[in-house]
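In the working numbering, the protein residues as written are 1 to 278.
Even for Gly, the Cβ is constructed at its ideal location relative to N, Cα and C.
Remember, it's a predicted structure, so these values are computed and weren't measured experimentally.
Since the structure comes first, as structure tokens, the remarks are kept for the end.
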């Protein structure tokens, strides 16, 4: 792991990392396009891809981020207190992600509401212009998913600052799971307004919270960056990503009944990352 003294603070590196977080966030817009420009939703592919994404994030969290944070903190504070600080930051990250998730009522949480329980995507009903409630639900989902994406932006930024390779891996994992989230936003809006462009635009906009999270991390953390703070940040990010994996990715991968495909995706995601991090 790079320490603040050796980390690349160049403008080109910062722009590259911000670009990665933006790409990960804008993958929600891909979900909007998928919802409208394919006749069928390939739930088997989504199951495998979400499992793969979860495997990548869990493996990186435990093997790379938390493990290196423990090593660095133990070198600073000794084995006992270094280990305690690493675990406190890890579970603190889980707590932060859980609190953000808890702020959203369960019946309005898109991860609880939306299921692709049929192969054919529905057509817009003729009375769509009067369906204000569905319109409101779609707009609410865009806001809620934006809130969920905020800590993901921090995680992608922190990983990218450590190394572009690690940042790319997390960008891929986050982008994969953002695709069905874009569908969550776009389909209700399309039902409520009949406006295809507006629905896709909202799905793109909901992902902008990720680069916003990265910018906030850069503005708040950089002025105070020390070896201790950096190690704590990585342990915290590991906790955030573990919560995201178990609360969002893996349950969503199981929604469509292809259990073994999700397991194969998880294993392959871990296998790919194990070779990437050699």
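What's the call for residue i, buried or exposed, on a 16-neighbour Cβ count within 10 Å?
i, result
"residue 10", "exposed"
"residue 267", "exposed"
"residue 180", "buried"
"residue 85", "buried"
"residue 243", "buried"
"residue 70", "buried"
"residue 234", "buried"
"residue 99", "exposed"
"residue 156", "buried"
"residue 81", "exposed"
"residue 79", "exposed"
"residue 172", "buried"
"residue 47", "buried"
Quick one: is residue i near chain B, going by C-beta distance under 8 Å?
i, result
"residue 80", "Structure shown: chain B not included; a single protein chain is present."
Round the Cβ separation of residue i and residue j to the nearest angstrom and send it over; I've been treating them as touching at under 8 Å.
i, j, result
"residue 265", "residue 24", "18 Å between Cβ atoms; not a contact."
"residue 175", "residue 75", "Contact flag wrong, Cβ pair sits at about 34 Å."
"residue 182", "residue 21", "Residue 182 to residue 21, Cβ: 16 Å. No contact."
"residue 16", "residue 240", "Wrong, their Cβ atoms sit about 22 Å apart, outside the cutoff."
"residue 57", "residue 170", "7 Å"
"residue 51", "residue 261", "7 Å"
"residue 44", "residue 258", "5 Å"
"residue 90", "residue 238", "6 Å"
"residue 18", "residue 214", "6 Å"
"residue 250", "residue 54", "5 Å"
"residue 247", "residue 72", "About 27 Å; that fails the 8 Å criterion."
For residue i, I'd like the list of residues in its chain whose CB is within less than 7 Å of its CB, leaving aside the five on either flank, ordered along the chain.
i, result
"residue 13", "none"
"residue 207", "25, 26, 27, 28, 29, 149, 178"
With a threshold of 6 Å on Cβ separation, who are the neighbours of residue i within its own chain once the five nearest residues in sequence on each side are excluded?
i, result
"residue 117", "With a pLDDT of 45 at residue 117, under the threshold of 50, the modelled position of this residue cannot be trusted; read the value that follows with caution. Counting only Cβ-Cβ distances below 6 Å, and skipping sequence neighbours, we find nothing."
"residue 130", "Low local confidence applies: a pLDDT of 41 at residue 130 is under 50, so the model's placement there is unreliable, with the coordinate-based value given in what follows. If we look at residue 130 and ignore the five residues flanking it on each side, it has no Cβ neighbours."
What residues in its chain sit with their C-beta under 8 Å from that of residue i, if we drop five residues either side in the sequence?
i, result
"residue 236", "89, 90, 92, 93, 96"
Return yes when the C-beta of residue i is under 7 Å from any heavy atom of the ligand ATP, and no when it is not.
i, result
"residue 268", "The model on display carries no ligand, and the ligand ATP is accordingly not part of it."
- Item | Contained alpha helix (DSSP H) runs [length at least 4] in the segment 209 to 274, N- to C-terminal order | Listed in chain order, the complete alpha helix (DSSP H) runs (minimum 4 residues) inside the segment 209 to 274 are 209 to 221, 227 to 244, 250 to 254.
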